[in-house]
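Numbering (this note's numbering), first residue to last: 1 to 421.
Note that the Cβ used here is the ideal one computed from N, Cα and C, for glycine as well.
What you are looking at is a predicted structure, and each value in this text was computed from that prediction instead of being measured.
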Amino acid sequence: MSRSDSEQGDGKQGGGEEGACEQVLSYPLSSRTALGPPEEWRQLRQQCPVARVTLPSGDEASLLTRFEDVKQVLSDPRFGRLLDADDAARISDTESGGVFNDDMAAAIPQTGEAHQRWRRMLTKWFTAKRMAALRPGIEAMAERLIDDMVKRGHPADLKAGLGFPLPVWVICDLLGVPDADRDRFAHWSDTMLNLTRYQQEEVDAAQAEFVEYMAAHIAAKRAKPGDDLLSELTTGTGPGGYRMSDRELVATGQGLLIAGHETTANMIGKMVAMLLADRRLWERLLADRSLVRSTVEEALRLDANPGLGMPRYIAEEVEVAGTVLPRGTTVMCSMAAANRDETAFDAAEEMMLDRAPNPHLAFGVGPHSCLGQALARTELRAVLEVLLRRLPSLELAVPPEDLRRVEGLVIGGLSEVPVRW
Numbered sequence: 001m002s003r004s005d006s007e008q009g010d011g012k013q014g015g016g017e018e019g020a021c022e023q024v025l026s027y028p029l030s031s032r033t034a035l036g037p038p039e040e041w042r043q044l045r046q047q048c049p050v051a052r053v054t055l056p057s058g059d060e061a062s063l064l065t066r067f068e069d070v071k072q073v074l075s076d077p078r079f080g081r082l083l084d085a086d087d088a089a090r091i092s093d094t095e096s097g098g099v100f101n102d103d104m105a106a107a108i109p110q111t112g113e114a115h116q117r118w119r120r121m122l123t124k125w126f127t128a129k130r131m132a133a134l135r136p137g138i139e140a141m142a143e144r145l146i147d148d149m150v151k152r153g154h155p156a157d158l159k160a161g162l163g164f165p166l167p168v169w170v171i172c173d174l175l176g177v178p179d180a181d182r183d184r185f186a187h188w189s190d191t192m193l194n195l196t197r198y199q200q201e202e203v204d205a206a207q208a209e210f211v212e213y214m215a216a217h218i219a220a221k222r223a224k225p226g227d228d229l230l231s232e233l234t235t236g237t238g239p240g241g242y243r244m245s246d247r248e249l250v251a252t253g254q255g256l257l258i259a260g261h262e263t264t265a266n267m268i269g270k271m272v273a274m275l276l277a278d279r280r281l282w283e284r285l286l287a288d289r290s291l292v293r294s295t296v297e298e299a300l301r302l303d304a305n306p307g308l309g310m311p312r313y314i315a316e317e318v319e320v321a322g323t324v325l326p327r328g329t330t331v332m333c334s335m336a337a338a339n340r341d342e343t344a345f346d347a348a349e350e351m352m353l354d355r356a357p358n359p360h361l362a363f364g365v366g367p368h369s370c371l372g373q374a375l376a377r378t379e380l381r382a383v384l385e386v387l388l389r390r391l392p393s394l395e396l397a398v399p400p401e402d403l404r405r406v407e408g409l410v411i412g413g414l415s416e417v418p419v420r421w
C-alpha cells in the first residue's frame, strides 16, 4: 500500500496556492473529449506539482505533471521500478496489481548493473540503423492492410484495419513468431494491460498461456535459431559471458509484446485522428512530406491519452518540487501532462508540425527510457507516409468530439477511428 494520508500531509508543498493540493484525485484523470487533455493538468502544473491520487487498485500515489519534475524523477536512480515492494502501490484492481507489479515484470533486473547488462543485450538490436532496415517490410505490410481496408469499403475503422494489426505483425516478426499466432498475441497483450475489464483468473490464464507458449518458442529457437531478435537473445552472449535465463527471455518477450504492440497500435490511431481533426494539418502534410518526421514527434508530444504514465517507487525520503516524499512512496510520472508544460514548450497546447527542437518525454528519459523508441518512430513514419500516398482524401467519418477513448487500459487509445476517403 502506498503512503497514508497522514504521511502525505507531512510533506511541505511548494509552488501552489494553499489548499490546492488537498483534494485526492481519481487516477487516471478523465477528459471531456477523446483527443483533449484533462482540465486538471494545467491547474496541477501551476498549483500542485505533487498531487495526491487514488489508483484503480484503490491505493494512493503521488502524481507529477511538470516537465522538469518528471524529467528529474525518471532520471534519478533513487526512483526505481521495484513495484513489487510490500509498501508499493498496486496499479490495477486485480490481486497481482497489474502488469507493473506481476512476477514476470520482476524477472527482469530493474536496477543497477544487472539492469544495464540486460538492457545492453537489447540495445544492440534496437538501433536506428537496424530499425530503418525494417522499414521496407513495414511499409509493404501497411500497403497490404490498406488494400484490404479499401476492398471492404468505407467508412472503415482505421484502428482495426491498420493501427492494430500492423504492430502485432512487427512484434511477431521480431520475435520469430508465425503470423498465424498473432491473434493470440493480441489477446494476451490486451488482457495483461487491462486495469479493470478482466478478473484476476482471466489475467492469470493469459499470463500462463503466454509463458507456456514463449517457453516452447524459446526452446525451438535455441534448437534452430533464425535471424530474429529472440534467436539472437537466446543464443547470444553479453559482456562477461552474460546469457539471459529462460525466465528473463520469457519476461523480455512479454515486455516487447506489451510495450511494442499496444502503444504503437493506439498511437497510430491517435496520430491520424489528431491530424484529421483539423483538416488543415493533413493538407499541409500532403503539400510538404518533409514534415512527416517532425509531425510524428509532435503527435507523440501532444498525445493527451497515452495511459497511466510511468510509475516509480522510492526506498528513501526524497524531495521533489518542494514536497518531501516519504520512503515507500509510489510516484506516477505523467509524461503527457509534462509534454504540455508551457515552461518547456512554446504554444504547448498547439500542434506545430514543424516544431524544433522537440524534447518531449513520450518515451521517457534516463536509464529506463523506452528501448523500442526507434522501432516505434519507424512504424509511425512508415504508416503516415503510406497513408498520405495511398489515401490523400482521408478524413474522419465522425466529428472529432464523437471519438471515444478506450477505458481501463494501462495504455491509452481510441476505441475506434472511423474514416472515409
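- Per the DSSP secondary-structure output, Ala89 pairs with nothing in a beta bridge.
- Non-local beta-carbon contacts of Cys370 in its own chain, meaning distances under 6 angstroms to residues more than five positions away in sequence, involve Phe363 and Gly364 in chain order.
- The stretch 46-85 is shown to contain whole beta strand (DSSP E) runs of 3 or more residues at 50-54 and 60-64, in chain order.
- Boundaries of the beta strand (DSSP E) harbouring Val24: Val24 to Ser26, taken from the DSSP string.
- Between the beta-carbon of Leu286 and that of Ile171 there is about 30 angstroms, and that puts the pair past the 8 angstroms contact cut.
- With respect to the 7 angstroms criterion, Leu134 and Leu145 are not classified as neighbours on the basis of their beta carbons.
- Of Thr65, Glu68, Val73 and Leu82, the smallest CA-CA separation from Gly328 is found for Leu82.
- Taking 7 angstroms as the cut-off, the beta carbon of His154 is found closer than this to the beta carbon of Arg420.
- Across the set Ala51, Gln43 and Arg284, the C-alpha of Ala51 shows the shortest separation from the C-alpha of Cys333.
- Between Ile108 and Ala251, the C-beta gap is smaller than 7 angstroms, which places the two residues in contact.
- Secondary structure at Leu396: strand, using DSSP grouped into helix, strand and coil.
- Under DSSP, Thr323 takes part in a beta bridge, and its partners are Val320.
- Exclusion of the five residues before and after Ile268 leaves Gly163 and Val383 as the residues of its chain whose Cβ lies within less than 6 angstroms of its Cβ.
- Within the same chain, and ignoring the five residues on either side of Pro239 in sequence, the residues whose Cβ sits closer than 8 angstroms to its Cβ are Arg117 and Arg120.
- By the Cβ-count criterion, Tyr242 is exposed, with fewer than 16 other Cβ atoms from all chains shown falling within 10 Å of its own Cβ.
- Asp86 has its alpha-carbon roughly 35 angstroms from the corresponding atom of Gly236.
- Counting only unbroken stretches of 4 or more residues, the alpha helix (DSSP H) elements lying wholly within the stretch 245-307 are 246-257, 263-277, 279-287 and 292-302, in sequence order.
- In the DSSP assignment, Val170 falls within the unbroken alpha helix (DSSP H) covering Pro165 to Leu174.
- Segment contact: the stretch 204-211 against the stretch 290-307, fewer than three CB-CB distances shorter than 8 angstroms; contact not assigned.
- Put simply, the backbone Cα of Ala142 is about 25 angstroms away from that of Ala34.
- Between the alpha carbons of Ser57 and Val168 lies a gap of roughly 29 angstroms.
- In this structure, Met310 and Leu44 do not form a Cβ contact; the two beta carbons are roughly 17 angstroms apart against a cut-off of 8 angstroms.
- Annotated three-state conformation of Pro239 is helix, per DSSP.
- Remark: C-beta atoms of Asn339 and His368 do not approach each other more closely than 7 angstroms.
- Classified as buried, Ala156 has 16 or more neighbouring CB atoms from the shown chains inside 10 Å of its CB.
- By the neighbour-count criterion, in which 16 or more other beta carbons inside 10 Å mark a residue as buried, Gln254 falls on the buried side.
- Pro136 and Arg222 have their alpha carbons spaced roughly 28 angstroms apart.
- Between Leu396 and Leu276, the gap from beta carbon to beta carbon is short of 7 angstroms.
- Per the C-alpha coordinates, the member of Thr330, Met352 and Ala205 positioned closest to Leu55 is Thr330.
- In the DSSP assignment, Ile218 falls within the alpha helix (DSSP H) that extends over Gln200 to Ala223.
- Between Leu29 and Pro38, the gap from beta carbon to beta carbon is short of 7 angstroms.
- If you draw a straight line from the Cα of Arg90 to the Cα of Asp59, it comes to about 6 angstroms.
- The alpha-carbon of Pro225 is positioned some 5 angstroms away from that of Ser231.
- In this structure Pro357 is exposed. Its beta-carbon is surrounded by fewer than 16 other beta-carbon atoms within 10 angstroms.
- Here DSSP, grouped into helix, strand and coil, assigns Leu233 to helix.
- A straight-line Cα-Cα distance of about 28 angstroms links Ala215 and Glu379.
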